[in-house]
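Here the structure is laid out as structure tokens; the discussion comes afterwards.
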Amino acid sequence: MSNALAYEKKTVYEKAGKETVAEAYEYAKGYARFLDAAKTEREAVCEAISMAEAKGYRPYSFGMPMKAGDKFYYNNRDKNIYLFSIGTEDINEGIRITAAHIDSPRLDLKQVPLYEDAGMCYLKTHYYGGIRKYQWLATPLALHGVVIKEDGTAVKITVGEDESDPVLYITDLLPHLAGGDAEKSLSKAFSAEKLNILIGSKPLDGEDKDAVKAGVLRYLNDTYGIVEEDLLSAELSIVPAGKARDAGLDRSMICAYGHDDRVCAYPSITAMIDADEKKHTTMCILVDKEETGSDGVTGMQSALITDIITEIAKALGGNEATVRAHSKCLSSDVAATFDPNYADVFERRNSALIGCGVAMCKYTGSRGKSGTSDASAELVAWVRRCLNQAGVVWQTCELGKVDVGGGGTVAKYMANHNIDTIDIGVSVLSMHAPYELISKVDLYEAYRAFYAFYRF
């Protein structure tokens, strides 16, 4: 069959050439630094603000005037950020939007987390997002977050990332005593209430009861000036300790925590600020709570997106409904990379292959496309034209076999506002594991895709 007639996936290495591959490997260094600095949504927002301000973006408050050339960011409660740049064309032509999420599966501390048992002090946790519990046992962990004291003072805490820091740990049962677990399902063998973080075993001198816990509380007070009640108003998370690392003898991949979805957030924001688009009005949204349903004031279901579009339309003399109807959004979220070790759950023809570029997913959801916006054929064609004209290497995909796979993104929430939306992002191996794997060239093609989208 003629190559001009057939659709065939090819790798970036085959299609893009050595120069693009070299650029991809260089681009990945900045991404790795971002990952190390942004293991929580608060940290990601902080990094995004720093990147945006370096490119001339300034804080936005509702009611501020706008004109072509203005560049703003709106910081929503330090966990969700909107960047937007005002173009010269009529705002009624719409906005080019990318929307990625910056939360990742993890363990959050309960409000009353500290307790002592058998001479050891622990922290109780409540897992956040979809995890496989056994993967979090017997591995070095770090503590990230903020404690808000009664007077409103914010105390940032990070333990476990510096080489001189101690790490935290969840114990596992030795195989000599774990024979009974072999007969249990994973959900019963690994209980959520056993995901307790071991943080100390040294008793405080002079204490008769819960002396190890007392020692931990003394450390927290001496180091951070907090008392146990302050933990009631804290957001503290347990994440894997350590930095992003090159993976593979050829260094073609990156192994790290939080690829889902910072592997799409980073190229979204860097593409927008690098494109510095003058004609189109553009927007990059980095959102919280996707892993738990996009609810809440910092999630994609918040009314904030319509509030901001309304403000932009009003300031530029447009009609908010018209602006939404003419806007386009790339829901920048990850896809699942075909894994030959688990080929039975994938449908290979419609799976993302590693190294074959950014992955476009027309619909997500599960079973009979439940919970999906299902992008129109017209939008798919428009995106195809955009990417092909820019020379971006891309592929299409689904998340596993029908009635086996399934998952959701923020796409449907954007589409519910009458904004044409489609999912496009980087495919990931071992998604939702403490350490995930991505291809450097796929990451770079996502950047190139978002850059092309903003300027097309």
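All residue numbers for the sequence shown refer to our numbering, where the first residue is 5 and numbers rise by one.
For each residue, glycine too, the CB sits at the ideal point set by N, CA and C.
Name the residue from the options whose alpha carbon lies nearest to the alpha carbon of residue i.
i                : options                           : result
threonine 84     : Glu211, Glu239 and Leu290         : Position check: residue 84 holds asparagine in this sequence, whereas threonine was assumed. The shortest C-alpha separation from asparagine 84 is found at Leu290.
aspartate 209    : Ile90, Asp94 and Ala218           : Ala218
tyrosine 448     : Ile95, Asp176, Thr296 and Ala269  : Ala269
glycine 297      : Lys416, Val220, Lys192 and Trp386 : Lys416
isoleucine 242   : Met276, Pro144 and Val301         : Pro144
aspartate 254    : Ala26, Lys14 and Leu9             : Ala26
leucine 178      : Asp166, Arg388 and Leu141         : Leu141
threonine 92     : His436, Asn420 and Leu320         : Leu320
valine 396       : Thr376, Cys360, Cys365 and Val408 : Cys360
arginine 388     : Pro438, Lys366, Leu147 and Cys125 : Lys366
valine 414       : Thr102, Ala215, Lys59 and Arg37   : Thr102
serine 168       : Thr286, Ala146 and Met287         : Ala146
serine 335       : Glu315, Cys288 and His180         : Cys288
threonine 310    : Asp299, Ala325 and Met435         : Ala325
phenylalanine 88 : Asp82, Met70, Arg81 and Lys137    : Met70
glycine 34       : Lys405, Ala385 and Ala275         : Ala275
glycine 133      : Met257, Ser256 and Glu295         : Glu295
asparagine 79    : Glu45, Ser331, Met435 and Ala72   : Glu45
Between the C-alpha atoms of residue i and residue j, what's the straight-line distance to the nearest angstrom?
i              : j              : result
tyrosine 451   : serine 272     : 7 Å
aspartate 121  : histidine 105  : 38 Å
tyrosine 29    : valine 445     : 7 Å
tyrosine 11    : aspartate 427  : 20 Å
valine 171     : glycine 229    : 21 Å
lysine 206     : threonine 175  : 17 Å
methionine 5   : lysine 13      : Any reading at methionine 5 must be qualified, since the residue scores a pLDDT of 48, below 50, and its modelled position is unreliable; the value itself is stated next. The alpha-carbon atoms of methionine 5 and lysine 13 are separated by roughly 15 Å.
aspartate 185  : serine 195     : 11 Å
isoleucine 203 : valine 150     : 18 Å
threonine 314  : asparagine 323 : 8 Å
glycine 412    : glutamate 211  : 51 Å
valine 231     : alanine 238    : 11 Å
alanine 36     : alanine 340    : 20 Å
lysine 213     : leucine 224    : 18 Å
threonine 24   : tyrosine 31    : 10 Å
Taking the continuous alpha helix (DSSP H) assigned at residue i, which residues delimit it?
i             : result
aspartate 265 : 263-279
asparagine 84 : Asparagine 84 -> not in any alpha helix (DSSP H); beta strand (DSSP E) instead, spanning 84-89.
leucine 127   : Here leucine 127 belongs to no alpha helix (DSSP H); instead the beta strand (DSSP E) covers 124-132.
histidine 330 : 324-330
cysteine 365  : It is not in any alpha helix (DSSP H) - cysteine 365 instead sits in the beta strand (DSSP E) that spans 362-365.
valine 463    : One cannot answer for residue 463 here, as it falls past the ends of the chain, which runs 5 to 460.
glutamine 393 : 381-393
glutamate 295 : No alpha helix (DSSP H) contains glutamate 295, which DSSP labels as neither H nor E.
aspartate 311 : 308-319
leucine 39    : 22-41
Using 10 angstroms around the beta-carbon of residue i, count the other beta-carbons present and answer buried if the total reaches 16, otherwise exposed.
i                : result
alanine 453      : buried
arginine 371     : exposed
phenylalanine 66 : exposed
leucine 190      : exposed
glutamate 233    : exposed
arginine 486     : The structure shown does not extend to residue 486, since the chain is modelled only from 5 through 460, so no value can be given for it.
glutamate 18     : exposed
serine 108       : buried
glutamate 197    : exposed
proline 244      : buried
glutamate 424    : For the record, residue 424 in the displayed sequence is aspartate; it is not glutamate. Buried.
glycine 98       : buried
glutamine 393    : exposed
serine 377       : buried
lysine 43        : buried
glutamate 281    : buried
serine 374       : exposed
Beta-carbon separation of residue i and residue j under 8 Å?
i             : j                 : result
cysteine 390  : phenylalanine 342 : no
alanine 248   : leucine 441       : no
aspartate 74  : isoleucine 90     : yes
threonine 129 : leucine 118       : no
glutamine 115 : leucine 235       : yes
glycine 410   : glycine 369       : yes
tyrosine 455  : arginine 100      : no
valine 338    : valine 432        : yes
cysteine 401  : alanine 363       : yes
Are the C-beta atoms of residue i and some chain D residue less than 8 Å apart?
i             : result
aspartate 299 : In the displayed structure, chain D is absent; only one protein chain is listed.
For the beta strand (DSSP E) holding residue i, just list the boundary residues, first then last.
i              : result
aspartate 148  : In the sequence as displayed, the identity of residue 148 is histidine instead of aspartate. Run containing histidine 148: 145-152, per the beta strand (DSSP E) assignment.
asparagine 79  : 75-80
arginine 255   : No beta strand (DSSP E) contains arginine 255, which DSSP labels as neither H nor E.
isoleucine 203 : 201-204
valine 291     : 285-291
glutamate 233  : Glutamate 233 -> no beta strand (DSSP E), and no H or E assigned at all.
tryptophan 398 : 398-400
lysine 160     : 158-163
alanine 104    : 99-105
isoleucine 428 : 424-429
Is the closest heavy atom of the ligand FAD to the C-beta of residue i under 7 Å?
i            : result
glutamate 23 : No copy of the ligand FAD appears in this structure; indeed no ligand is present at all.
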